[in-house]
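For reference, the structure is listed below as structure tokens.
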Amino acid sequence: MRIRPKDHDLDLTKKSARQGFANTSVGDGSDQVYGQALCRGDVTPEVCRKCVQNVSKEIMEECQSKDAIMWHELCQIQYSYQMFFSLEVYTGKYPDSNEEEKDVPDQAHFQSVKSLMNTLSEKAAHDASSLMFATGKKEFSKAETIFGLVQCTRDISPNGCRSCFAQSLGDLGACCGHRQGGTVFSRNCNVRFEAHLFYGQAEGNRWKTWMVVTVACISTFLVGVAISSYLLHHRQRKRRETDLEKRSRLNWETRLNIINGIARGLLYLHEESRLKIIHRDLKPSNVLLDQEMLAKISDFGMARIFGEDQNAANTRRIVGT
Numbered sequence: 001m002r003i004r005p006k007d008h009d010l011d012l013t014k015k016s017a018r019q020g021f022a023n024t025s026v027g028d029g030s031d032q033v034y035g036q037a038l039c040r041g042d043v044t045p046e047v048c049r050k051c052v053q054n055v056s057k058e059i060m061e062e063c064q065s066k067d068a069i070m071w072h073e074l075c076q077i078q079y080s081y082q083m084f085f086s087l088e089v090y091t092g093k094y095p096d097s098n099e100e101e102k103d104v105p106d107q108a109h110f111q112s113v114k115s116l117m118n119t120l121s122e123k124a125a126h127d128a129s130s131l132m133f134a135t136g137k138k139e140f141s142k143a144e145t146i147f148g149l150v151q152c153t154r155d156i157s158p159n160g161c162r163s164c165f166a167q168s169l170g171d172l173g174a175c176c177g178h179r180q181g182g183t184v185f186s187r188n189c190n191v192r193f194e195a196h197l198f199y200g201q202a203e204g205n206r207w208k209t210w211m212v213v214t215v216a217c218i219s220t221f222l223v224g225v226a227i228s229s230y231l232l233h234h235r236q237r238k239r240r241e242t243d244l245e246k247r248s249r250l251n252w253e254t255r256l257n258i259i260n261g262i263a264r265g266l267l268y269l270h271e272e273s274r275l276k277i278i279h280r281d282l283k284p285s286n287v288l289l290d291q292e293m294l295a296k297i298s299d300f301g302m303a304r305i306f307g308e309d310q311n312a313a314n315t316r317r318i319v320g321t
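So the sequence shown is residues 1 to 321, counted in the UniProt record's numbering.
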């Protein structure tokens, strides 16, 4: 019988508390378990230790799968029976808190957000002293300041980190370009912006370490990241489809570009990715469009990974589309 991660002491708490990030593995062969912890770059070692300790316990209680990832506000934990360290494949995830953000009528607002986040992304990815973490602010008006935070796991390359940020910012525009704030998580990087200061702040030297952001328990480990169904994305896509102004942008050239983008995405998953991935549930609601109307394939909940030379598989039931 395969050993569960909770049967192992992954020792992530001590290692991550010292440096804010840790990779570790235990066991041998089919019983080998890989674990990773990342603390937000502005927390103290003690806060990091407590967050990782509590989330490590919580993820075992919440998830009964072979692979899982859990994000809290101040740390994230992931484990898997498949090696995922340094794997640079992006799929973003939205926390439910994005729905609570207020709308912003001024379209220039997100342009300022993008300018700030791009500056922070460059610093986090390529400034070695930053440890792949950066925060900053930008004045949008006399009455409003935008605050931003970006962070990568330290097992990927600087270029991989910058690429992850670029894709996250595309998703951030799709979900939250019309909001005062927003967050996108992925296995390798996290980005967030708000209209209030949310980083580097302690309340009586006690951080809010108990806020659960989101969790993903998955039975098949898809490209080293957690995947969700993106219900928020689906609702926003329906809203976008009813917006006459944006609908007018769907001329035939744009529609052809969307189709070509979907085809390129499938080709990448089938032929060019390190892992051959069969989506099995491709439909309009699982194709997302960013502000530039570029297509992104989402919702890998029914996907399967094929072996290097595998070109067929049998299923016990019909799934997907």
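The C-beta atom is built at its ideal place from N, Cα and C for all residues, glycine as well.
Supposed contact pair residue j and residue i - C-beta distance, whole angstroms, cut 8 Å
| i | j | result |
| --- | --- | --- |
| S112 | F85 | Between F85 and S112 the Cβ distance is about 36 Å, and since that is not below 8 Å, they are no contact. |
| D171 | G92 | 4 Å |
| A166 | D290 | Actually they are not in contact, since the Cβ atoms of A166 and D290 sit about 11 Å apart, beyond 8 Å. |
| R304 | I278 | 5 Å |
| T24 | S56 | Incorrect: roughly 11 Å between the Cβ atoms, too far for contact. |
| G20 | L169 | Incorrect: roughly 23 Å between the Cβ atoms, too far for contact. |
| S16 | C63 | That pair is no contact at about 19 Å. |
| V43 | L74 | 5 Å |
| K138 | S115 | 7 Å |
Start and end residues, beta strand (DSSP E) containing residue i
| i | result |
| --- | --- |
| S80 | C75 to S80 |
| L288 | V287 to L289 |
| H109 | No beta strand (DSSP E) contains H109, which is instead part of the alpha helix (DSSP H) from A108 to H126. |
| A143 | Premise fails: A143 is in no beta strand (DSSP E) and is neither H nor E. |
| T183 | G182 to F185 |
| D67 | D67 to H72 |
| K296 | A295 to I297 |
| K276 | K276 to I278 |
Proximity to residue i [Cα-Cα], best of the options
| i | options | result |
| --- | --- | --- |
| I156 | I259, E272 and Y90 | Y90 |
| I69 | S25, L38 and V47 | L38 |
| N98 | H178, Q291, A125 and N257 | H178 |
| K283 | E101, I297 and K276 | I297 |
| I77 | Q53, L269, M83 and P95 | Q53 |
| A22 | G148, K93, F110 and C152 | C152 |
| F147 | L288, E58, F193 and D281 | F193 |
| A128 | R154, C63 and R49 | R154 |
| A143 | Y268, H109 and A263 | H109 |
| L149 | A263, G160, T44 and F185 | F185 |
| Y79 | L256, K138, G182 and Q32 | Q32 |
| Q107 | E46, A17 and C176 | C176 |
| Q180 | C164, L197, R187 and N188 | L197 |
| residue 322 | A134, D103 and P105 | Given a span of 1 to 321 for the chain in the structure shown, any question on residue 322 remains unanswerable. |
Limits of the unbroken alpha helix (DSSP H) element including residue i
| i | result |
| --- | --- |
| F198 | Here F198 belongs to no alpha helix (DSSP H), and DSSP marks it neither H nor E. |
| Q53 | P45 to E62 |
| I156 | That residue, I156, is in no alpha helix (DSSP H); it is neither H nor E in DSSP. |
| Q32 | Careful: Q32 lies outside any alpha helix (DSSP H) and carries neither H nor E. |
| S16 | L12 to Q19 |
| G41 | Neither: G41 is in no alpha helix (DSSP H) and is coded neither H nor E. |
| N260 | W252 to L267 |
Exposure label - residue i; buried when at least 16 CB within 10 Å
| i | result |
| --- | --- |
| L120 | buried |
| W71 | buried |
| R162 | buried |
| Y34 | buried |
| G182 | buried |
| G29 | exposed |
| Y94 | buried |
| L256 | exposed |
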